[in-house]
Amino acid sequence: MSEAATLTRKADFPGLVTEVGKPWHYLDTAASAQKPQVVVDAMSRALGRDYATVHRGVYGRSARMTLGYEAARRRVADFIGARSENEVVFVRGATEAINLVAAAWGMTRIGQGDRIILSTLEHHSNIVPWQMLAERTGAEIEVCPLTADGQIDLGGLEALLSPRTKLVALAHVSNVLGSVLDARRAAELAHSVGAKILLDGCQAAPRMKLDMAALDCDFYVFSGHKLYGPTGIGVLWAREDILAHMPPYQGGGAMIEKVAFDGTTYAPPPQRFEAGTPMITEAIALHAAIDYVDAFGPDRLFAHEAALAAQLRAELRKLNAVTLFGPEESAGIVSFALDGVHPHDLGTILDEEHVAIRAGHHCAQPLMEHLGVPATTRASFGLYSDEDDIAALMRGIERTRRIFG
Ligand code: PMP
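Residue numbers (the UniProt record's numbering): 1 to 405.
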């Protein structure tokens with residue numbers, strides 16, 4: 001059996017059928033992954049017979065929920081190779097994690113004339129919070145170029161670095177091109193001038209083995225819903241010594257040590273950054289999702305999706321009517337343009353064939369401008385994807401070409 005065949009577990013995913021019970025060829029996993037039944041069940045149990053709030057109950061149910069919530073934090077720490085669960089802050093998603101770092105760390109560590117380096121391929125959520133910070137502080141944004149095949153150019157990064165560089169914020173895996181960053185080297189470069197590095201791991205966490213100690217970065221962020229978990233939960237990982245010196249992001253319950261009108265003191269991390277009632281059921285369901293994904297082994301998962309991406313590129317190339325964007329060897333994400341057909345028209349026709357792809361700018365407008373296109377068509381794979389999905393996509397593309405003559 002091929003690697004692809006052994007990984008495919010469509011039956012575990014109730015969302016992979018259409019409303020009329022036909023197979024749904026879901027190729028939009030980079031936007032949000034379908035959920036295995038174990039995650040749906042964990043969420044339903046947590047919202048049902050196990051439900052109570054955390055951190056304040058004197059009754060047993062609340063104490064058990066607190067244990068469940070904190071067990072989820074330990075599971076995340078273990079999954080990403082964190083040194084301690086105190087380095088794991090639960091947030092609403094990657095977007096909130098980046099805004100938290102920009103507000104809490106950035107506002108105290110970045111000033112007039114300081115430099116923040118981003119790359120051309122960043123998702124808007126790794127651009128806009130830094131622009132807002134730059135506006136408030138007088139810092140400047142610099143943009144690291146890409147290589148010709150769409151990878152972050154580390155030579156270009158090196159050339160931009162200076163003692164004024166305070167932060168380098170880069171995608172570990174591009175959500176449009178599937179390019180994989182040599183994150184360890186990027187961290188080494190950032191640290192060589194005393195800058196911190198934030199990695200946007202939204203597309204890496206669901207498809208790569210993560211090891212915070214080995215990556216040697218300072219901040220790492222990702223969203224649970226792309227990791228086969230629920231929406232409304234994500235992770236900010238940061239080194240304990242950095243978190244310890246960061247002021248709170250939001251104020252409220254649960255993030256304090258003592259509140260008084262003549263002065264309030266704050267809880268240590270991670271609680272300092274989790275104001276209010278947290279995402280209890282989402283954390284518990286994320287725990288189930290991580291157990292599910294980890295059982296496959298992130299390295300096998302990467303290989304499975306990369307093989308599908310390579311196969312799709314080869315089939316698209318045979319059409320002689322397609323522009324492919326991004327590196328030849330990538331994670332399981334493929335962006336392309338079909339000659340003479342707008343990505344939205346292609347997406348609409350593919351939908352009739354029960355194939356779901358993404359058409360648009362993928363929240364990466366500066367990258368679209370760099371590629372010289374308003375939009376691309378993107379197919380992205382998950383652990384349930386297989387060769388049937390590619391075959392269905394190719395049939396849909398052939399039909400589209402016939403329609404458009
Ligand atoms: N960064 C990347 C690379 C992404 O793919 C996404 C989601 N498309 C985000 C950040 C933002 O994630 P979220 O919307 O879940 O906060």
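Virtual Cβ for every residue (Gly too), placed ideally from N, Cα, C.
Only a predicted model underlies this, so the values are computations on that prediction, with no experimental measurement involved.
DSSP beta-bridge partners for residue i?
i: C144; result: S119
i: A337; result: T323
i: R61; result: Partner(s): none; R61 has no beta bridge.
i: W24; result: W24 pairs with nothing; no bridge assigned.
i: R92; result: DSSP output for R92 lists no bridge partner at all.
i: W237; result: V88, Y220
i: S380; result: D28, I333
i: Y266; result: I256
i: K35; result: Bridge partners of K35: none, in fact.
i: K196; result: L167
i: V176; result: Partner(s): none; V176 has no beta bridge.
i: I152; result: L146
i: G68; result: Answer by DSSP bridge pairing: none, since G68 is not bridged.
i: G360; result: T376
i: V40; result: DSSP lists no partner for V40.
i: V355; result: H25
i: V17; result: P23
Out of the options, which one is the CA nearest neighbour of residue i?
i: R56; options: E122, Y228, R185, I280; result: I280
i: R49; options: S62, V58, Q37; result: S62
i: K209; options: P248, V20, Q151, R300; result: R300
i: V373; options: S162, A310, G253, G340; result: G340
i: P23; options: E328, E398, D388; result: D388
i: T165; options: Q151, D216, R109; result: R109
i: A356; options: A364, L346, Q365, C363; result: L346
i: V20; options: H354, G251, T400; result: H354
i: E96; options: F381, V221, S385; result: V221
i: E352; options: L7, Y26, D12; result: Y26
i: A77; options: E257, H287, S330, E188; result: H287
i: R207; options: A71, L308, P343; result: L308
i: F79; options: P269, I333, Y292; result: Y292
i: E398; options: L350, K35, R83; result: L350
i: L227; options: E328, D153, A94; result: A94
i: R83; options: P327, M212, A310; result: M212
i: Y69; options: Q112, R185, Q271, A134; result: Q271
i: P269; options: F13, Q37, C217, N86; result: N86
i: D149; options: V176, P298, F13, Q365; result: V176
i: A285; options: R9, L7, K35, A42; result: A42
i: L161; options: L118, I290, R184; result: L118
i: S192; options: D153, P163, G396, R313; result: P163
i: S335; options: L67, G178, E135; result: G178
So residue i and residue j are in contact, right, with Cβ under 8 Å, and what is the actual spacing, rounded?
i: V168; j: I197; result: 5 Å
i: H361; j: T120; result: Actually they do not touch by this definition, with Cβ atoms about 13 Å apart.
i: H245; j: A204; result: Their Cβ separation, rounded to whole angstroms, is 26 Å, which puts H245 and A204 out of contact at 8 Å.
i: W130; j: I116; result: 5 Å
i: Y249; j: L157; result: In fact, because the Cβ distance is near 28 Å, the residues do not count as touching under 8 Å.
i: F325; j: T400; result: In fact, because the Cβ distance is near 19 Å, the residues do not count as touching under 8 Å.
i: V235; j: F90; result: 7 Å
i: H123; j: D200; result: 7 Å
i: A30; j: S385; result: 11 Å between Cβ atoms; not a contact.
i: I403; j: E315; result: Going by Cβ atoms, the distance from I403 to E315 rounds to 19 Å, so no, they are not a contact pair.
i: A260; j: A275; result: Between A275 and A260 the Cβ distance is about 17 Å, and since that is not below 8 Å, they are no contact.
i: P230; j: V39; result: 7 Å
Give a yes or no on whether 9 Å exceeds the smallest Cβ distance from residue i to chain B.
i: F222; result: Note that chain B does not occur in the displayed structure, where there is just one protein chain.
Does the beta-carbon of residue i, which I'm using as the reference point, lie nearer than 8 Å to any heavy atom of ligand 1?
i: D28; result: no
i: E96; result: yes
i: S119; result: no
i: C202; result: yes
i: L363; result: Rather than Leu, the amino acid found at residue 363 in this sequence is Cys. Yes.
i: K35; result: no
i: G178; result: no
i: V58; result: no
i: N175; result: yes
i: A31; result: yes
i: K258; result: no
i: H225; result: yes
i: A171; result: yes
i: H25; result: no
i: G93; result: yes
i: H245; result: no
i: S125; result: yes
i: G360; result: no
i: G332; result: no
i: A326; result: Checking the sequence, you will find Gly at residue 326 rather than Ala. The answer is no for G326.
i: G382; result: no
i: G234; result: yes
Could you tell me whether any non-hydrogen atom of ligand 2 is closer than 8 Å to the CB of residue i?
i: V128; result: In terms of ligand content, the structure shown lacks ligand 2 and carries ligand 1 instead.
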